[in-house]
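Chemist:
Encoded structure:
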């Protein structure tokens, strides 16, 4: 979360050098966790081994999209359809976040939409 706040501020200030430095810092931080991977063994430690692997995608899949990923290929494949369904909501979540940050009273904006009498779908 803190990284996104920093990124937002750098974008507002049009600080491309700062963005590059932040990206480097993030990559260095990620490198500290290269030994962690969601494997079958870890999934089996969950209640009755029935945990659901979820990710908003893209995911780093070991030996598929990269050498050392965050999830083993067999785990990703087992939950691929559920993960794709979850990731499909991502554009709507991003749009909702943008909407709520764009307006001081987002609920009021939505309530007033019908008053404008505009068609949402054009034929």
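In my numbering, the protein residues as written are 8 to 130.
Virtual Cβ for every residue (Gly too), placed ideally from N, Cα, C.
These numbers were taken from a predicted model, which means no experiment stands behind them.
#1: What residues in its chain sit with their C-beta under 6 angstroms from that of residue 94, if we drop five residues either side in the sequence?
#2: If you follow the alpha helix (DSSP H) that residue 68 is in, where does it begin and where does it stop?
#3: Whose C-beta lies closer than 8 angstroms to the C-beta of residue 61 among residues of the same chain, with five residues either side of it excluded?
#4: Assess contact between the segment 104-114 and the segment 73-82, defined as three or more Cβ pairs (one per stretch) separated by less than 8 angstroms. Is contact present?
#5: Would DSSP call residue 33 helix, strand or coil?
#6: Go through its chain and collect everything with a Cβ distance to residue 71's Cβ below 6 angstroms, but skip five positions before and after it.
#7: Name the two residues that bound the continuous alpha helix (DSSP H) containing residue 59.
Modeler: Let me spell this out:
#1: For the purposes of this step, residue 94 is identified with residue 87 of the chain shown, where counting begins at 1. Hits under 6 angstroms: 63 and 64.
#2: The residue labelled residue 68 in the question sits at position 61 within the chain shown. First-last for residue 68: undefined, no H or E at that position.
#3: On the chain shown, position 54 is the one that residue 61 refers to. Cβ within range, chain order: 86, 89, 90 and 93.
#4: no
#5: Your numbering for residue 33 matches position 26 in the chain shown. DSSP places residue 33 in helix when its eight states are reduced to three.
#6: Walking along the chain shown from the start, residue 71 turns up at place 64. The answer, listed in chain order, is 80.
#7: Sequence index remark: in the chain shown, residue 59 carries index 52 (1-based). No alpha helix (DSSP H) holds residue 59; DSSP gives it neither H nor E.
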